[in-house]
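So that you can map any letter, position 45 of the sequence shown is 45 in the UniProt record's numbering, and since no number is skipped, the others follow by simple counting.
Report on the structure given below.
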Amino acid sequence: MAYTSLLSFSVCLLVLFHGCFAQIDLVTNHHQDQPWGQPQQPQPRHQSQCQLQNLNALQPKHRFRSEAGETEFWDQNEDQFQCAGVAFLRHKIQRKGLLLPSFTSAPMLFYVEQGEGIHGAVFPGCPETYQSQSQQSIQDRPQRDQHQKLRRLKEGDVVALPAGVAHWIFNNGRSQLVLVALVDVGNDANQLDENFRKFFLAGNPQGGVVTGGQSRDRNQRQSRTQRGEREEEESQESGGNNVLSGFRDNLLAQAFGIDTRLARKLQNERDNRGAIVRMEHGFEWPEEGQRRQGREEEGEEEREPKWQRRQESQEEGSEEEEREERGRGRRRSGNGLEETFCSMRLKHRTPASSADVFNPRGGRITTVNSFNLPILQYLQLSAERGVLYNNAIYAPHWNMNAHSIVYITRGNGRIQIVSENGEAIFDEQVERGQVITVPQNHAVVKKAGRRGFEWIAFKTNANAKISQIAGRVSIMRGLPVDVLANSFGISREEAMRLKHNRQEVSVFSPRQGSQQ
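Right, dumping it as structure tokens:
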């Protein structure tokens, strides 16, 4: 009897501990390999209806002018944007124009189409380790301002921004600065609905800039107009369209330790400058004075100091400067594991020298993904920059794991997109400034016109993959000749030509005509 009781007790303990350990193992496996500052596993995207029978190349629908530039939005209600779960916009910033500090509720990826400037992003809790010398001085001593890292922007740069991270952009160049941006409102990081929202920390931008031109803001303004002049006066006194406007001025004064007069200025009452304002008193690039001093000491005005070469090598990926770094024994690690939250690299350059695919007679393709810009693993976004020469072809292919939102940056060409039922849902000429969405798994081919063809494509996966239909690395090359011959009802000789006639990878040089 005692033995039977002991055996029963042991079995109960075994079942109890097995359940406990199973729970511990479940929790451990859920959190393992995901410490703070390391890439997390991809999260599922919000599923949208993709009933796309016909696609159109789109131009911006809403334009909002500011003191020093303008902001344009494509219609987010378009079926192709609804399918991809994205919003698309373009900023045109004049010389000395400042895009006011703001943040979005979803991750953003933007591309510098034209010009150059300075970009700043502020990560909460990170130290202010950079200094700028102010033009003002106190007691004949130059005043230094500490802030977080700044980045130089040049044509061809791709910049990533997580949801909720405030940033600003200043045009310190000699021409207009043009940026095109994709906001991934369908991303799991956006826990609001899939409407575009931009939260400004300063200024009084138009309501359409805050909502991406969505009609819900126009309805609110119409209802306020119908309620009479008193309502209009109260809305003017309440401040501008920034996040500080809704707070009471006395609470703002207490929070910042300032007087209420200055607090009301933060709310930008009756400020009509818009989202892009002119910076009358510009600022120097960090440590500009030290740079000049170092040049004078070296007696070489044209040579940049070593610290600047190190910074640009890290930010711009210059091959020449990387060789210099390796020569001095400062080899960089490229696996991204050394990056922390505060030192994440946000920018990646796409020069011709860094192309993933290059055909001297056809063009080049450059990919920006989580392997060369690790922060994209968090955002679950990537980009592709394409350059096709006169009449060259980008091999027919499909995007295996992402939607592709294509913005034409230069030249013109023809794009054809084919759906699952074999119908061409898009077959038109496209030109600079137009946007077209290529849905996941839809076959697409691009052919350049006589002026060449260039684009930037934003993709909704950190490591977007394509499967080619033609070319040296295509599905045709991977199929047996007999399978090809019987699938298409052709001879083995014709199947061999189909399989081997194109020896190029991805980018095809133009041919005078098809072979008979």
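The beta carbon of each residue, even a glycine, is placed where N, CA and C say it ideally should be.
For clarity, every value in this text was computed on a predicted model and none was experimentally measured.
- Judged by DSSP secondary structure, isoleucine 475 falls outside any beta strand (DSSP E) and instead within the alpha helix (DSSP H) spanning 475–478.
- Along the length of the region 51–113, whole alpha helix (DSSP H) runs at least 4 residues long occupy 79–84, reported in chain order.
- The region 270–277 and the region 66–74 touch, with three or more beta-carbon pairs separated by less than 8 Å.
- Non-local beta-carbon contacts of phenylalanine 426 in its own chain, meaning distances under 7 Å to residues more than five positions away in sequence, involve Leu55, Ile415, Gln416, Ile417 and Ile436 in chain order.
- Going by C-alpha positions, histidine 348 is about 38 Å away from phenylalanine 247.
- A residue is called buried when at least 16 other Cβ atoms come within 10 angstroms of its Cβ; valine 243 does not meet this threshold and is exposed.
- Judged by DSSP in its simplified three-state form, aspartate 145 adopts strand.
- Around leucine 99, the same chain offers His91, Ile93, Trp168, Ile169, Ala275 and Ile276 as residues with beta carbons nearer than 7 Å, after the five sequence neighbours per side are excluded.
- A residue is called buried when at least 16 other Cβ atoms come within 10 angstroms of its Cβ; glycine 156 meets this threshold and is buried.
- A contact is defined here as three or more CB-CB pairs under 8 Å, and the region 430–444 fails this definition with respect to the region 370–381.
- Using a 10 angstroms sphere on the CB of valine 183, the tally of other CB atoms reaches 16 or more, which defines it as buried.
- Using a 10 angstroms sphere on the CB of proline 127, the tally of other CB atoms stays under 16, which defines it as exposed.
- Under the Cβ criterion (8 Å, minimum of three pairs), the region 404–413 does not count as touching the region 483–501.
- The three-state secondary structure of valine 483, taken from DSSP, is helix.
- The three-state reading of DSSP puts leucine 201 in coil, since its state is none of H, G, I, E or B.
- Within the same chain, Cβ atoms closer than 6 Å to the Cβ of arginine 502 are found at Ala470 and Gly471, the five residues on either side in sequence being excluded.
- Only residues of its own chain outside the window of five on either side were considered, and among them Asp249 have a CB closer than 7 Å to the CB of arginine 264, listed in chain order.
- Glycine 257 and leucine 266 have their C-alpha atoms spaced approximately 13 Å apart.
- Taking a contact as a CB-CB distance under 8 Å, the pair lysine 61 and glycine 213 counts as one, their CB atoms being some 7 Å apart.
- With the rule of 3 Cβ pairs closer than 8 Å, the region 79–89 counts as touching the region 184–196.
- Residue Gln76 holds the alpha-carbon nearest to the alpha-carbon of glutamate 194 among Gln76, Arg361 and Thr367.
- Beta-bridge pairing by DSSP links serine 404 to Val438 and Lys459.
- Where aspartate 249 is concerned, the enclosing alpha helix (DSSP H) starts and stops at 249–256.
- In this chain, threonine 350 is not harboured by any alpha helix (DSSP H), its DSSP state being neither H nor E.
- A direct Cα-to-Cα measurement between proline 351 and leucine 161 gives close to 21 Å.
- For leucine 153, the enclosing beta strand (DSSP E) begins and ends at 150–153.
- No Cβ-Cβ contact shorter than 8 Å links alanine 392 with serine 506.
- For threonine 367 and glutamine 254, the gap between their C-alpha atoms comes out near 49 Å.
- Judged by DSSP in its simplified three-state form, leucine 373 adopts coil rather than helix or strand.
- Around the beta carbon of isoleucine 475, fewer than 16 other beta carbons lie within 10 angstroms, which makes this residue exposed.
- Beyond the five residues adjoining it in sequence on each side, isoleucine 490 comes within less than 8 Å, by CB distance, of Leu484 and Leu498 in the same chain, given in chain order.
- In the three-state reduction of the DSSP assignment, leucine 388 falls in the strand class.
- Here DSSP, grouped into helix, strand and coil, assigns alanine 383 to strand.
- In this structure, DSSP gives threonine 211 a helical state, which the three-state scheme calls helix.
- With 16 or more other Cβ atoms inside 10 Å of its own Cβ, alanine 163 counts as buried.
- From the listed residues Asn172, Gln114 and Arg270, the smallest Cα separation to isoleucine 456 is found for Gln114.
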